[in-house]
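Taking it in order: structure first as structure tokens, then the write-up.
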Amino acid sequence: MTTLAAVTVTTATFLGMEFVAWFMHRFVLHGALWFLHRSHHVRHPHHFERNDFFFLFYGALSMLCIIYGAPGKDWRFWVGIGIAAYGSVYFFVHDVLIHGRLRFWRKSGNTYLRALNMAHKMHHKTTSRDGSEEFGMLWVSPRYFWLALRRPAPKDRRRLSSSNS
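Numbering-wise (UniProt numbering), the sequence shown opens with residue 1 and increments by one.
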């Protein structure tokens, strides 16, 4: 496979995963698999939630594609790389930035990331399987993007207090 073809397959897979994530979230996680996803919509004292099992599914799918496609570096390998790349971005944006599951990246002044956070907060406004909106991970509805543009980014109080001393 040529370099251009590999980059194309990886990029298409990464972008396609946003649609897959939206579709699965909207119709499967808020549908038949709500009993697993519900743990993500309610407060709990645990570090892990039943919803984390979905990471294992996509991780296994990515790993299998990479393993079976590795000998010839065929399309399966690059699809696996695209799924893994999407999963990595998902982890950092959703789990680390938005939900703060690791405490090294708390807030962002970036308009896009703030809009994404606002949209995700709207998704979590309800704790039931019905009534949610904004099911994607990287796609932000224009209304949240414009709202983030209109609202100034929060100031970092730690930085302000140390510069004033």
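Cβ atoms here follow ideal geometry from the backbone N, Cα and C, with glycine treated the same way.
Could you spell out the range, first to last residue, of the alpha helix (DSSP H) harbouring SER62?
53 to 69
To which residues of the same chain is THR2 closer than 7 Å at the C-beta, ignoring the five residues directly before and after it?
none
Considering only their Cβ atoms, is the gap separating GLY80 from SER108 smaller than 8 Å?
no
Alpha-carbon spacing of ASP52 relative to ALA119, whole angstroms
21 Å
If you follow the alpha helix (DSSP H) that TRP146 is part of, which residue opens it and which one closes it?
142 to 150
Exposed unless 16 or more other CB atoms sit within 10 angstroms - verdict on GLY114:
The identity of residue 114 in the sequence shown is Arg, whereas the question assumes Gly. Buried: at least 16 other Cβ atoms inside 10 Å.
Can TRP139 and GLU18 be called in contact, C-beta distance under 8 Å?
yes
Within 10 angstroms of its Cβ, does LEU64 collect 16 or more other Cβ (buried), or is it exposed?
exposed
The ligand ATP and PHE35: does any heavy atom of the ligand fall closer than 7 Å to the residue's C-beta?
You won't find the ligand ATP in this model; it holds no ligand whatsoever.
Whose CA, out of ALA148, ALA60, VAL42 and TYR58, lies closest to the CA of HIS123?
VAL42
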